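*Asks:*
There are 2 protein chains.
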Amino acid sequence: MLESALISEFSRFYMSNISDHAIDLFSKIVRLKKYKTGDVLINKGTSKFYVIVEGIVASFSKNSQKDREYIRTIHLENYAFTDLFYQINDLKLAHIDLDTKTPEDYYKCLTSCTLLEGDFKDFIDLSASNHEISLLYNKINQTILLQVLKRLDRLSLLDATDRYKILKERIPQIENLIPQYQIASYLNITPVQLSRIRKKMYSE
Amino acid sequence: MLESALISEFSRFYMSNISDHAIDLFSKIVRLKKYKTGDVLINKGTSKFYVIVEGIVASFSKNSQKDREYIRTIHLENYAFTDLFYQINDLKLAHIDLDTKTPEDYYKCLTSCTLLEGDFKDFIDLSASNHEISLLYNKINQTILLQVLKRLDRLSLLDATDRYKILKERIPQIENLIPQYQIASYLNITPVQLSRIRKKMYSE
Chain U
256 MLESALISEF SRFYMSNISD HAIDLFSKIV RLKKYKTGDV LINKGTSKFY VIVEGIVASF
316 SKNSQKDREY IRTIHLENYA FTDLFYQIND LKLAHIDLDT KTPEDYYKCL TSCTLLEGDF
376 KDFIDLSASN HEISLLYNKI NQTILLQVLK RLDRLSLLDA TDRYKILKER IPQIENLIPQ
436 YQIASYLNIT PVQLSRIRKK MYSE
Chain S
256 MLESALISEF SRFYMSNISD HAIDLFSKIV RLKKYKTGDV LINKGTSKFY VIVEGIVASF
316 SKNSQKDREY IRTIHLENYA FTDLFYQIND LKLAHIDLDT KTPEDYYKCL TSCTLLEGDF
376 KDFIDLSASN HEISLLYNKI NQTILLQVLK RLDRLSLLDA TDRYKILKER IPQIENLIPQ
436 YQIASYLNIT PVQLSRIRKK MYSE
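Protein chains in written order, with the numbering used here: chain U, 256 to 459; chain S, 256 to 459.
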């Protein structure tokens, strides 16, 4: 089964010593699916999770007036994601951080994508019944957390030109995947600023 | 034992059905400690973790030239933290996000604090030997991840005045805890911009 080989590769990327048995259980709750550029994967209230086998997926978020949107994160192969905010009541986040509003966020394929899809509840149930899966989930969570912290550090500590260079290094074909105004929003600058940065970089 | 009661409160905040046995194991690897305002808790390469019982702790991060620093996150009671970046090699983060540089980050008490302190390796060992602890760790990770995503959304989608209002709502006494230039850096604006925002707000 192809799912099994792909789940094995994904799981061992995070946890090299995970057993074949755990991989077998994990692969039973996912199936391989193909998506086209522009397909929206997760929207408010769905309970799916995905593992990227091939392609680029971005998460988008809007303000509460819905008149402003930005690209929050951009993900490549071996990344896993779900709509964690969907579970906000469970997590009593309100107590820690006052603001209980669930963001208006969703995930979209920036290229054609091959993904493993499953129900997140099945995954949580599996992590509750299988210790190894729960350890795997810890490793995935740690990595995702570090990535988001790095994104935050870059936004706050690097200037826009350096942020743009890092994005280009990570995804060289980014210019052909998303419009300039979205690249600008990911970099937290205006399209005019981005245009100036590009002009300066390519004239050097 | 006081540690046991505090670990029970902390653990059940995230996972209401965790057993007394798991709490007992967890409380054996921590001890209660008091810290003063300004104490630095985690610095490069330490392997401690902390749970905030009382007080306010902030994480700071510097750029690689070390000429720029900002407050990355501010944490209140029931928050747990460690230097996750310390484990970067384990996590193969490099493969996912190119940039393998560990940030120059540390944690500092903004008020006098009561914390539970333990060795993060003991916690990871415990989560590997006890399934409930690994499930607890997942819940904690999920909550921290949501908080950082919210922080990222606010930086990118809200204007500085709204970000300042949210911070004031969350920590009303913030003005007395950290200097204005650090509040400005948390809000990702200049001290001059912050001063204008304050003047405008308090004249209304």
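No residue lacks a Cβ here, since even glycine has one placed at the ideal position from N, Cα and C. None of the values given here were measured: they were computed from a predicted structure.
Cα separation between I433(S) and A439(S)?
*Replies:* 10 Å
*Asks:* Leaving out five residues before and five after I452(U) in sequence, what residues of the same chain have Cβ atoms less than 7 Å from its Cβ?
*Replies:* A415, T416 and Y419
*Asks:* Determine whether the Cβ of V308(U) lies closer than 8 Å to any Cβ atom of chain S.
*Replies:* no
*Asks:* So for T292(U), helix, strand or coil by DSSP?
*Replies:* Coil at T292(U), not helix or strand.
*Asks:* Could you tell me which residues DSSP puts in a beta bridge with G373(U)?
*Replies:* V285(U) and F304(U)
*Asks:* With a threshold of 8 Å between beta-carbons, can F340(U) be considered close to chain S, or not?
*Replies:* yes
*Asks:* Whole angstroms is fine: what's the gap from I278(S)'s alpha carbon to F340(S)'s?
*Replies:* 27 Å
*Asks:* At a cut-off of 7 Å, would you count S319(S) as near the ligand HEM, judging by its Cβ distance to the nearest heavy atom?
*Replies:* The model on display carries no ligand, and the ligand HEM is accordingly not part of it.
*Asks:* So D360(U) and F315(U) are supposed to be a Cβ contact under 8 Å. How far apart are they, rounded?
*Replies:* 6 Å
*Asks:* Would you mind telling me which residues of chain S sit closer than 7 Å to R406(U), beta carbon to beta carbon, in chain order?
*Replies:* Chain S residues near R406(U): L407.
*Asks:* Give a yes or no on whether the C-beta atoms belonging to A313(S) and I329(S) are separated by under 8 Å.
*Replies:* Contact: yes.
*Asks:* To the nearest whole angstrom, what separates the beta carbons of N396(S) and N385(U), a pair I think is in contact under 8 Å?
*Replies:* With a Cβ gap of about 18 Å, N396(S) and N385(U) do not count as contacting.
*Asks:* Is it buried or exposed for R286(U), if we count other Cβ within 10 angstroms and need 16 for buried?
*Replies:* exposed
*Asks:* With a threshold of 8 Å between beta-carbons, can A349(S) be considered close to chain U, or not?
*Replies:* For A349(S), the predicted model reports a pLDDT of 43, less than 50, meaning its position is unreliable; a value from the coordinates is still stated below. By this cut-off, A349(S) is not an interface position.
*Asks:* Using alpha carbons as the reference points, say which of R409(S), S263(S), F268(S) and S319(S) lies closest to L280(S).
*Replies:* S263(S)
*Asks:* So, does the CB of A383(U) fall closer than 8 Å to a CB anywhere in chain S?
*Replies:* True, the Cβ-Cβ gap to chain S drops below 8 Å.
*Asks:* Within 8 Å (strictly less), CB to CB, does L353(S) reach chain U?
*Replies:* Since pLDDT at L353(S) reaches only 49, below the 50 mark, its modelled position is unreliable, and the value read off the structure follows with that caveat. So yes, L353(S) belongs to the interface.
*Asks:* Measure how close the beta-carbons of E387(U) and K288(U) come, nearest whole angstrom, since I'm counting them as under 8 Å.
*Replies:* The distance from the Cβ of E387(U) to that of K288(U) is about 25 Å, inconsistent with a contact at the 8 Å cut-off.
*Asks:* Helix, strand or coil: which one does DSSP assign to K321(U)?
*Replies:* coil
*Asks:* Taking the Cβ atom as the reference point for each residue, do K468(U) and S266(U) lie within a distance shorter than 8 Å?
*Replies:* There is simply no residue 468(U) to check, as chain U begins at 256 and stops at 459 in what is shown.
*Asks:* What are the start and end residues of the alpha helix (DSSP H) that includes D338(S)?
*Replies:* No alpha helix (DSSP H) holds D338(S); DSSP gives it neither H nor E.
*Asks:* Would you say N431(U) reaches chain S, if we count a Cβ-Cβ gap shorter than 8 Å as a contact?
*Replies:* no
*Asks:* Which bits of chain S does S389(U) rub up against, with CB to CB less than 7 Å?
*Replies:* H386, S389, L390 and N393
*Asks:* Please decide whether V403(S) counts as near chain U, where near means a Cβ-Cβ distance under 8 Å.
*Replies:* yes
*Asks:* Let me know the secondary structure DSSP gives E258(U) once reduced to three states.
*Replies:* helix
*Asks:* What's the gap between the Cα of L401(S) and the Cα of V447(U)?
*Replies:* 31 Å
*Asks:* Strictly under 8 Å for the Cβ-Cβ distance: is I399(S) near chain U by that measure?
*Replies:* yes
*Asks:* Name the chain S residues whose beta carbon is nearer than 8 Å to that of R327(U)?
*Replies:* L404, L407, D408 and S411
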